[in-house]
Amino acid sequence: MEYLVMLPGPTNVPKRVMNAMLSPVINHRSDDFRVLYKKIVEKTQKVFQTKSDIILLTTSGTGAVEASVVNLIKKGDKAVIPVNGEFGTRLADLIDSWGGQAIRINAPFGENPPYEKIEDAFDQHKDIKALYAVYNETSTGTTIRYMDKLGELCARKGAFFIADAVSILGGDELPVDRWNIDICVTASQKALAAPPGVSPISVGPRAKKYMQENPPPTQYLNLKRYFKYYEEHYETPFTPALPLYYAFNEALDIVLEEGMDARIRRHRICADAFYTGLSAMGLTPFAKQNARSNVIIAVNYLPGMDDKKFRGILSEEFRVLVAGGFGDLKGKVFRVGSMGEVSRYHVMRTLSSISSTMNMIGVKANPEATSAALEKLKDLA
Ligand SMILES: Cc1ncc(COP(=O)(O)O)c(C=O)c1O
Numbered sequence: 002m003e004y005l006v007m008l009p010g011p012t013n014v015p016k017r018v019m020n021a022m023l024s025p026v027i028n029h030r031s032d033d034f035r036v037l038y039k040k041i042v043e044k045t046q047k048v049f050q051t052k053s054d055i056i057l058l059t060t061s062g063t064g065a066v067e068a069s070v071v072n073l074i075k076k077g078d079k080a081v082i083p084v085n086g087e088f089g090t091r092l093a094d095l096i097d098s099w100g101g102q103a104i105r106i107n108a109p110f111g112e113n114p115p116y117e118k119i120e121d122a123f124d125q126h127k128d129i130k131a132l133y134a135v136y137n138e139t140s141t142g143t144t145i146r147y148m149d150k151l152g153e154l155c156a157r158k159g160a161f162f163i164a165d166a167v168s169i170l171g172g173d174e175l176p177v178d179r180w181n182i183d184i185c186v187t188a189s190q191k192a193l194a195a196p197p198g199v200s201p202i203s204v205g206p207r208a209k210k211y212m213q214e215n216p217p218p219t220q221y222l223n224l225k226r227y228f229k230y231y232e233e234h235y236e237t238p239f240t241p242a243l244p245l246y247y248a249f250n251e252a253l254d255i256v257l258e259e260g261m262d263a264r265i266r267r268h269r270i271c272a273d274a275f276y277t278g279l280s281a282m283g284l285t286p287f288a289k290q291n292a293r294s295n296v297i298i299a300v301n302y303l304p305g306m307d308d309k310k311f312r313g314i315l316s317e318e319f320r321v322l323v324a325g326g327f328g329d330l331k332g333k334v335f336r337v338g339s340m341g342e343v344s345r346y347h348v349m350r351t352l353s354s355i356s357s358t359m360n361m362i363g364v365k366a367n368p369e370a371t372s373a374a375l376e377k378l379k380d381l382a
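What follows is the structure, encoded as structure tokens:
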């Protein structure tokens, strides 16, 4: 029996998308490819809600995040970054290791730093080049709810605004141009419900000009090359992973057929049902109320819930996959990816499997919990 993949990525991939990978290999220096690539770029622009250039790296999300640093940060450049989990920490360390100076705005895990602390950093340092923000911190299940204000702040201060939207794009609001995001990075295997391996980046005109005038000493992640190949040929500079492009193209069709507004609403309803159902079982979300993600539900274990045992039974007996915690949160939380294809079926099968697993390991779950979640899902088509 197939697994129900409720991980914070990769997520379940529709059959239609998997089947697209069976399309034949074509010459990536041919009109066949140019037509395909241009189509994918234009659809990605719609999903990102941007007119900016789009580059489709065939890497995992980390490749796109790294590209956003190595193409922008030079020795000594200051970059502000809120840090409240694993992915913010990694990004800040990457900025430092590339010779930049990450100005970390720390917050306890499960919370976002107050917006004012980020504004203060700009007042304290007059020469800040960029603000990097992990829009959805996957390790803790928090989402920054003031991305629009960060965009306005960067526009006022003349700083570049970079969003790591790896675990959220396609599952929550993200109007890249309206929020003044210069560089937005994501990955195929999360809320876009495609297989892992394609990581799109949008680059606005100001950032593009900077990258063209100041290319990095790298080869694969040198975005100047990608702009040139797209402008001159609608091609990529290096051999793209064609089957993944076919799959991503199909996944984008599914997103656009549903429409972004309907998709975001579905994610919101499913997240609400998860929070309601899990709370009714006696579990508590890890993230503070005003920071809770609609795509990653991080949940505190109750005493007696051993991570290995709990996730082992969920996986082996019920074929439901959820993730554990990172670093200090290992053994303390589990995380459910509520994204991509997520529907009433995914929510209810996951919740009832969690409830049964809790009973099997001797932690009594309230039997009414699933009804509370079902009620929240009644408006879903
Ligand atoms: C916010 C965030 N950034 C970056 C990454 C890295 O992506 P990948 O594992 O695809 O390299 C992840 C992965 O979960 C993520 O959630």
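To get the numbering used here, take the position in the sequence shown, counting from 1, and add 1.
C-beta: ideal position from N, C-alpha, C; glycine also.
Looking at C-alpha atoms only, which residue of the options is the closest neighbour of residue i?
| i | options | result |
| --- | --- | --- |
| residue 323 | 170, 244, 338 | 338 |
| residue 331 | 300, 167, 343 | 300 |
| residue 121 | 110, 155, 237 | 155 |
| residue 104 | 113, 118, 142, 17 | 118 |
| residue 219 | 312, 260, 64 | 64 |
| residue 374 | 355, 168, 257 | 355 |
| residue 368 | 279, 162, 320, 348 | 279 |
| residue 19 | 70, 246, 171 | 246 |
| residue 188 | 73, 325, 57 | 57 |
| residue 277 | 262, 293, 263 | 293 |
| residue 273 | 6, 91, 29, 344 | 344 |
| residue 281 | 94, 352, 99 | 352 |
| residue 92 | 132, 238, 126 | 132 |
| residue 12 | 115, 380, 362, 342 | 342 |
| residue 197 | 50, 17, 376, 62 | 62 |
| residue 306 | 346, 289, 267, 362 | 362 |
| residue 95 | 73, 206, 109, 317 | 73 |
| residue 88 | 59, 15, 9 | 9 |
| residue 194 | 69, 252, 51, 97 | 252 |
Going by DSSP in three states, residue i sits in which element: helix, strand or coil?
| i | result |
| --- | --- |
| residue 153 | helix |
| residue 102 | strand |
| residue 212 | helix |
| residue 4 | coil |
| residue 129 | strand |
| residue 335 | strand |
| residue 14 | coil |
| residue 362 | coil |
Report whether the distance from the Cβ of residue i to the nearest heavy atom of ligand 1 is below 8 Å.
| i | result |
| --- | --- |
| residue 356 | no |
| residue 197 | yes |
| residue 165 | yes |
| residue 168 | yes |
| residue 85 | no |
| residue 200 | yes |
| residue 150 | no |
| residue 337 | no |
| residue 88 | yes |
| residue 135 | yes |
| residue 10 | yes |
| residue 233 | no |
| residue 294 | no |
| residue 91 | yes |
| residue 6 | no |
| residue 62 | yes |
Is the beta carbon of residue i less than 9 Å from the beta carbon of residue j?
| i | j | result |
| --- | --- | --- |
| residue 265 | residue 138 | no |
| residue 203 | residue 177 | yes |
| residue 66 | residue 165 | yes |
| residue 42 | residue 55 | yes |
| residue 163 | residue 182 | yes |
| residue 111 | residue 333 | no |
| residue 210 | residue 340 | no |
| residue 235 | residue 38 | yes |
Kindly say whether residue i, judged by its beta-carbon, lies nearer than 9 Å to any beta-carbon of chain C.
| i | result |
| --- | --- |
| residue 346 | No chain C is present in this structure, which holds just one protein chain. |
Quick one: which unbroken alpha helix (DSSP H) runs of 4-plus residues sit fully inside the stretch 226-297? Chain order, please.
243-259, 261-281
Going along the chain, which unbroken runs of the beta strand (DSSP E) with 3 or more residues stay wholly within the stretch 157-184?
161-165
In chain order, what are the residue ranges of uninterrupted beta strand (DSSP E) at least 3 long that sit wholly in the stretch 44-101?
54-58, 79-84
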